[in-house]
Structures are given as C-alpha cells and as structure tokens.
Amino acid sequence: MSLNRFLQLLAFWAGTLGPIYASSDLAGGKNLEAAREFWSYRPLGEVKLPDVKDESWLRTEVDRFIVARQEAAKVQPNDPASPHTLMRRASFDLRGLPPTPEEVENFEQEA
10 MSLNRFLQLL AFWAGTLGPI YASSDLAGGK NLEAAREFWS YRPLGEVKLP DVKDESWLRT
70 EVDRFIVARQ EAAKVQPNDP ASPHTLMRRA SFDLRGLPPT PEEVENFEQE A
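For the record, in the sequence shown the residue sitting at position 72 is 81 according to this note's numbering, with numbers rising by one throughout.
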C-alpha cells in the first residue's frame with residue numbers, strides 16, 4: 010500500500026470518528042457540570058472502612074471492602090492459588106499464551 014493511499018484511508022477513518030465525539034454529551038462543555046460530578050474529579054474525602062466478621066483474609070485495608078461485599082453476598086473467598094496456577098494465570102493474562110515448562114519451574118522455585 011502506498012503512503013498516499015494509507016493517508017487517504019487514515020483521513021477517512023478519522024473523519025468517521027468525528028460525529029461520534031461531536032454527539033457526546035460532554036462535547037464542547039455542554040454538560041460540564043455533570044462531568045465535574047464524575048468520581049475521578051471529586052475532591053478526596055474520608056472513607057469509612059467497612060466492618061468485617063472474618064479478618065483472617067485481610068492483608069491490606071483495601072481487602073476490607075472486598076471481604077465486606079463477599080460477606081454481604083454470603084460467599085467465601087477461594088483458597089490461595091498454587092504457584093503453578095498463578096504462573097499460568099499471569100501468562101495467559103499478559104501474553105495470551107501458556108507459560109513454558111521452564112518458566113513454571115523457575116517461578117515455583119522462587120515462590
């Protein structure tokens with residue numbers, strides 16, 4: 010494909026995005042006040058940590074929020090995953106491929 014053709018296609022594609030963004034509620038500041046209410050624009054404030062019954066799963070304060078929701082839904086956390094399982098999950102999440110046997114072995118030795 011020539012550079013000229015590529016630029017023509019790119020310009021066409023970029024032109025198709027214009028109406029999508031132009032029709033947005035937030036375009037041109039039409040709804041700026043509503044945008045300011047979005048959670049990421051609010052000032053920081055005090056957050057009350059939820060009380061939990063089972064504190065055995067807590068490692069950080071963030072865990073209180075997770076355990077509180079689990080208790081409200083009447084579900085229990087899963088048992089901790091093995092190093093082999095953690096390596097497989099990380100490999101599939103990050104690369105979309107299973108880890109090699111050598112990677113699994115190295116990870117299990119380090120864990």
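All C-beta atoms in this analysis are idealised placements derived from N, C-alpha and C, irrespective of residue type, glycine included.
Alpha carbons only, please: which of the options is nearest the one belonging to residue i?
| i | options | result |
| --- | --- | --- |
| Q85 | D63, K57, V71 | D63 |
| P89 | W66, G105, N40 | W66 |
| D72 | A82, T109, P59, R45 | P59 |
| V61 | E46, E55, Q79 | Q79 |
Quick check on residue i: does DSSP put it in helix, strand or coil?
| i | result |
| --- | --- |
| M96 | helix |
| E119 | helix |
| N13 | helix |
| L58 | coil |
Work out the CA separation of residue j and residue i for me, nearest whole Å.
| i | j | result |
| --- | --- | --- |
| F74 | F116 | 30 Å |
| M10 | R104 | 30 Å |
| F97 | T69 | The sequence given here has Arg at residue 97, not Phe. About 25 Å. |
| S91 | K83 | 25 Å |
| Q118 | E111 | 11 Å |
| A31 | Y50 | Note that A31 has pLDDT 48, beneath the 50 cutoff, so the model's placement of it is unreliable and the number below is only indicative. Cα to Cα, A31 sits roughly 22 Å from Y50. |
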